[in-house]
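Participant: Residue numbers (mature numbering (1 follows the signal peptide of the UniProt record, and there is no 0)): -18 to -1, 1 to 112. Sending over a structure as structure tokens; questions will come in a sec.
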């Protein structure tokens, strides 16, 4: 009879954490949380054949609200390299104090077998606009 509680726990974790992936291997990511929410968890799975990752991202409601959102570097044209990091380089994002991450955009290169990323950052203010 232990089987039912374990199944319920797995279903509960899946509903809370939401293990749906926002991309398939070798495909773009264009993800933003709904209004009033920010990214609350990030999980990825790597596959050696594709030399890529699938990403699972989740959002959670905020107590305050965000203003002045911006992309770290957003792609303007497909042929133009305007992402935050370059291929085969580290992807380091510094989120200023009092800010949240609302979205991510990414593309995969089969030539470099790597991803470039751009992050949507928003300044967080309390519910009174301070």
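C-beta: ideal position from N, C-alpha, C; glycine also.
Let's test the definition: count the other Cβ atoms within 10 Å of the Cβ of residue 42 and tell me whether it reaches 16, buried, or not, exposed.
Facilitator: Numbered from 1 along the chain shown, position 60 holds the residue referred to as residue 42. So residue 42 ends up on the exposed side.
Participant: Looking at C-alpha atoms only, which residue of 51, 92, 97, 44 is the closest neighbour of residue 20?
Facilitator: On the chain shown, residue 20 is found 38 positions in, with the first residue counted as 1. Ranking the options by Cα distance to residue 20, first place goes to 44.
Participant: Identify, in the order they occur along the chain, each residue of the same chain with its Cβ nearer than 8 Å to the Cβ of residue -13, setting aside the five sequence neighbours on each side.
Facilitator: Locating residue -13 in the chain shown gives position 6, counting from the first residue. Unreliable positioning characterises residue -13 in this predicted model, as indicated by a pLDDT of 39, which lies under 50. The coordinate reading is nonetheless provided below. So the list is empty, once near-sequence residues are dropped.
Participant: Helix or strand or just coil, what does DSSP make of residue 100?
Facilitator: Working through the chain shown from its first residue, we reach residue 100 at position 118. The answer is strand: DSSP assigns residue 100 an E or B state.
Participant: Taking C-alpha atoms, which residue in 87, 100, 47, 17 lies nearest to residue 4?
Facilitator: Looking up residue 4 in the chain shown gives position 22. Comparing Cα positions, the closest option is 87.
Participant: Tell me whether the stretch 19 to 38 and the stretch 72 to 79 touch, counting them as touching only if at least three CB pairs, one residue from each stretch, are closer than 8 Å.
Facilitator: They do not touch, by the three-pair rule.
Participant: Alpha carbons only, please: which of 47, 55, 102 is nearest the one belonging to residue 18?
Facilitator: The residue given as residue 18 occupies position 36 in the chain shown. Comparing Cα positions, the closest option is 47.
Participant: Answer with buried or exposed for residue 59, where buried requires no fewer than 16 other C-beta atoms within 10 angstroms of its C-beta.
Facilitator: Against the chain shown, residue 59 aligns to sequence position 77. Since pLDDT at residue 59 reaches only 42, below the 50 mark, its modelled position is unreliable, and no value is offered.
Participant: Grab the span of the beta strand (DSSP E) containing residue 85 for me, first residue to last.
Facilitator: Taking the chain shown and counting its residues from 1, the one referred to as residue 85 is at position 103. Note, residue 85: beta strand (DSSP E), 81 to 91.
Participant: Identify the continuous beta strand (DSSP E) that holds residue 6 and give its terminal residues.
Facilitator: Taking the chain shown and counting its residues from 1, the one referred to as residue 6 is at position 24. Residue 6 -> no beta strand (DSSP E), and no H or E assigned at all.
Participant: Tell me, to the nearest whole angstrom, how far the beta carbon of residue 92 is from that of residue 8; I am working on the premise that it is less than 8 Å.
Facilitator: Along the chain shown, one-based indexing puts residue 92 at 110. Along the chain shown, one-based indexing puts residue 8 at 26. Correct: roughly 7 Å between the Cβ atoms.
Participant: Buried or exposed: where does residue 79 fall if 16 or more other Cβ atoms within 10 Å of its Cβ makes it buried?
Facilitator: Here residue 79 refers to the residue found at position 97 when the chain shown is read from its first residue. Flag for residue 79 reads exposed.
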